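Undergrad: Each residue of the first sequence is one higher than the last, beginning at 3 in our numbering. Yeah, the Cβ is synthetic: ideal placement off N, Cα and C, and Gly gets one too. Fair warning: this is a prediction, and the values are worked out from it, not measured in the lab. My questions will all concern the structure given below.
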Amino acid sequence: MRYTKYFIPTYKEDPSEAEVISHKLMLRAGMIRKITTGIYTYLPLGLRCIRKVENIVRDEMNRAGAIELLMPAFQPAELWKESGRWDYYGKELLRFKDRYGRDACLGPTHEEVITAIVRNEIHSYKQLPVNFYQIQTKFRDEIRPRFGIMRCREFIMKDAYSFDADEEGANKSYEIMKETYHRIFKRCGFRFSMVEADTGTIGGSYSHEFMVLADTGEDQIVVCEKCGYAANLEKAEVSEIAEFQDEPELPMQEVDTPDIKSIEEVSSFLNVSPKKLVKTLICLVDEKPVAALVRGDHELNEIKLRNLFGAEQIRLADEEIVQEITGAPVGFAGPVGLKIKIVADHSIKGMKNFVTGANKKDKHLINVNIGRDFQVDTFADIRFITPQDRCPRCGNDILFKRGIEVGHIFKLGTKYSKAMNATFTDKDGKEKPFVMGCYGIGIGRCVAAAIEQSHDENGIIFPISIAPFEVIVLPVQMNDADVVKEAEKIYHKLLEAGIDVIIDDRDERAGVKFNDADLIGIPIRVTVGKKALKEQKLELKLRSEKEKELIPLSSVPEIVINKVKELYDSLK
RNA sequence: CGGGACGUAGCUCAGUCUGGUAGAGCACCGCCUUCGGGAGGCGGGGGUCGCAGGUUCAAAUCCUGUCGUCCCGACCA
């Protein structure tokens, strides 16, 4: 490719619309441009990176035996009503009516469509297992799109769906995808971690996320370096440690706490540690009120609570409902005398003489005790893990890290096949629902994550596997015929060798070219300058390293080709 | 949906408080010089100041509304 025949509109300054580094750099490098909130054009350079990631993904999916197809983005509402997600998915599903007034949506994911296809086309266990995948544009009307293409409303995703005859087969398919994902992300040059995750709106029995480790990541993950346990913060289990406090139960007492509501306020007003407080949160679990109890210094994990009840929706009750249930304004709720179901975190079990709200305005209770003053219906793990907690598997220290979710795999089981009546005939002649799995990779997000993970003050440092070009040939003096001639020669030799090379043939000053080459992150730079040329030499520089190397003109293109190979090998 | 910030040239921003001829740098076009880390000179083009009302002799500037953008949160995954 010739720079002058291509289109790479770079910016010198950070655009005001961007906050995080990958977003800034993608705009500056001329990779993407915003059309409206969460909607982007991939400019030629950005598209090249997208295609490189796609090709890695395609290559590895094919190797794993998955079969590529392409489903429509346009999806009729009927399918979503069959699966039950038309009502459940919420506003994130981009809905519309066609000219006849029929409900439809733009697909945020394709469980419904693939299940509809498979139930019509696959009828025998002999055709199983099978794994279909596609690389396609998805639509999710995110409530708050941000960070450029990291979280946007229209994005390219690889999604795959496996169908098996039984649990065992489904587990095998899941394991194959796990392995495949490790290979893919390795080839993308990521430092990443696979973590246990919640299944969210996709549903199913269990799932893992693949997180690229980066400080700016949206997700918090918890890892144990000793045993390898790793989980999304919201999923991370808390081990049931019962710290029984050995003290006599004191008489419960009501105290005045005028306008003292928050944990901090109560704690300092009564001069007790937040660990002596119990928070009572009134939640609506599928619209039924439940009181959730956690220690003052802990946070309720609503997802755990939702999963405990197997509920679809959960939310904190608003002021009116709290008033109705507790008889007091928000801030004074307590378990004593409550008529609704009470769920308490394990950490409450051993507490004695703690503080709670009194269900009266401006009153709290001190020296409250379980069993004597109120009953707990269920003890469960319903809080977020904290850095003070131990690894739920091995009991060692845990670390908190941040990550960018680039892949997510789900064991779906028969959730969709049952709901949509997708069955096959098994060996024994019986009709059975397919056991499914689904597997996603955010293609664009991979590009953003790569930048987030690897950049410096001059710009992007792409791993060679997803860089827009592998090599840039940079003639320094465009007014020197020899320099231009040699640069052209090298460019053509590399092209012939099958290298993805660009020559910066612009009549620009050297500084401009160097800065652009650094900004867009081309891994290998071959600089042709008249000084070195006099000695029959060229300069070779890796974007990832500071040092330059002079190489003999006669050794090109071999040295460069070897360098390319070397960089690829480092990603295996 | 709540809180905050912002909207002036392609980009980054000044000017708004205190109303009075719409600016700078970069980018773009032409000429000259320069040529290994975002060059310099001279000349030039480009903006209904987000939009709509209002106040005023006069509005980028003050008031009201509205749209859009970004950040934080809620929500969602």
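Sort out for me which residues DSSP pairs M63 with in a bridge.
TA: M63 is not bridged to any residue.
Undergrad: Return the CA-CA distance between K180 and T43, expressed in angstroms with no decimal places.
TA: 31 Å
Undergrad: May I have a chain-ordered list of the beta strand (DSSP E) segments no shorter than 3 residues that lie completely inside the segment 397 to 449?
TA: 401 to 415, 425 to 427, 433 to 435 and 437 to 444
Undergrad: What span of residues does the beta strand (DSSP E) with L215 cover, start to end?
TA: Y208 to L215
Undergrad: Is the segment 404 to 423 close to the segment 192 to 200, with three or more CB pairs under 8 Å?
TA: yes
Undergrad: Contact between the segment 334 to 342 and the segment 268 to 278 is defined here as three or more beta-carbon pairs at a separation below 8 Å; is this criterion met?
TA: no
Undergrad: Which whole-angstrom value is the C-beta distance of K83 and D143, which I expect to be below 8 Å?
TA: At roughly 19 Å, the Cβ-Cβ gap does not stay under 8 Å, so K83 and D143 are not in contact.
Undergrad: So, using beta-carbon positions, are V566 and V437 closer together than 8 Å?
TA: no
Undergrad: So for S241, helix, strand or coil by DSSP?
TA: coil
Undergrad: What is the DSSP secondary structure of F334, reduced to helix, strand or coil?
TA: Correct three-state label for F334: coil.
Undergrad: Determine, using beta-carbon pairs with one atom in the segment 225 to 232 and one in the segment 392 to 402, whether at least three such pairs fall under 8 Å.
TA: yes
Undergrad: Could you give the uninterrupted runs of the beta strand (DSSP E) lying entirely in the segment 509 to 543, keeping only those of 3 residues or more?
TA: 526 to 530
Undergrad: Could you check the C-alpha separation between I492 and L569 for me, to the nearest Å?
TA: 20 Å
Undergrad: What would DSSP say about K306, mapped onto helix, strand or coil?
TA: helix
Undergrad: So what does H366 bridge to, in DSSP terms?
TA: Per the DSSP secondary-structure output, H366 pairs in a beta bridge with V257 and G359.
Undergrad: For I384, which of P17, G333, E211 and I350 has the nearest alpha-carbon?
TA: I350
Undergrad: Roughly how many whole angstroms lie between the Cα atoms of L401 and A238?
TA: 12 Å
Undergrad: What are the boundary residues of the beta strand (DSSP E) that includes N173?
TA: Not the beta strand (DSSP E): N173 falls in the alpha helix (DSSP H), residues E169 to R189.
Undergrad: Which residues bound the alpha helix (DSSP H) around V478?
TA: Looking at the DSSP string, V478 is not in any alpha helix (DSSP H), and its letter there is neither H nor E.
Undergrad: Counting only the same chain and skipping the five closest in sequence on each side, list residues whose C-beta sits under 6 Å from that of S546.
TA: I463
Undergrad: May I have a chain-ordered list of the alpha helix (DSSP H) segments no shorter than 4 residues that lie completely inside the segment 16 to 44?
TA: Within the segment 16 to 44, the complete alpha helix (DSSP H) runs of at least 4 residues are 23 to 30.
Undergrad: Excluding the 5 residues flanking A512 on each side, which residues of the same chain have their C-beta closer than 7 Å to its C-beta?
TA: V478
Undergrad: Distance check for A451 and F141, CA to CA, integer angstroms please.
TA: 20 Å
Undergrad: For a quick check, are the C-beta atoms of I124 and V115 less than 8 Å apart?
TA: No, these two residues do not count as a Cβ contact at 8 Å.
Undergrad: What residue range does the beta strand (DSSP E) around N460 cover?
TA: That residue, N460, is in no beta strand (DSSP E); it is neither H nor E in DSSP.
Undergrad: Measure how close the beta-carbons of V503 and L535 come, nearest whole angstrom, since I'm counting them as under 8 Å.
TA: Not a contact, Cβ separation roughly 19 Å.
Undergrad: Using DSSP's beta-bridge definition, name the partner residues of D347.
TA: A382
Undergrad: Between the C-alpha atoms of C190 and I284, what's the straight-line distance to the nearest angstrom?
TA: 45 Å
Undergrad: Evaluate Q315 with the Cβ neighbour count: other Cβ atoms within 10 Å of its Cβ, from every protein chain shown; 16 or more gives buried, anything less gives exposed.
TA: exposed
Undergrad: Would you check if the distance between the CB atom of G150 and the CB atom of S24 is smaller than 8 Å?
TA: yes
Undergrad: In the DSSP assignment, find the unbroken beta strand (DSSP E) run with E156 in it and report its ends.
TA: E156 to D166
Undergrad: Going by beta-carbon coordinates alone, are F426 and K420 separated by less than 8 Å?
TA: No, the pair does not count as a contact, with Cβ atoms beyond the cut-off.
Undergrad: To the nearest whole angstrom, what separates the beta carbons of G205 and K417, a pair I think is in contact under 8 Å?
TA: 5 Å
Undergrad: Between the alpha carbons of S195 and E70, how many angstroms are there, rounded?
TA: 26 Å
Undergrad: Three or more C-beta pairs closer than 8 Å, one from the segment 521 to 539 and one from the segment 453 to 471: is that the case here?
TA: Yes, they touch.
Undergrad: Could you give the first and the last residue of the continuous alpha helix (DSSP H) run that contains K565?
TA: E560 to D571
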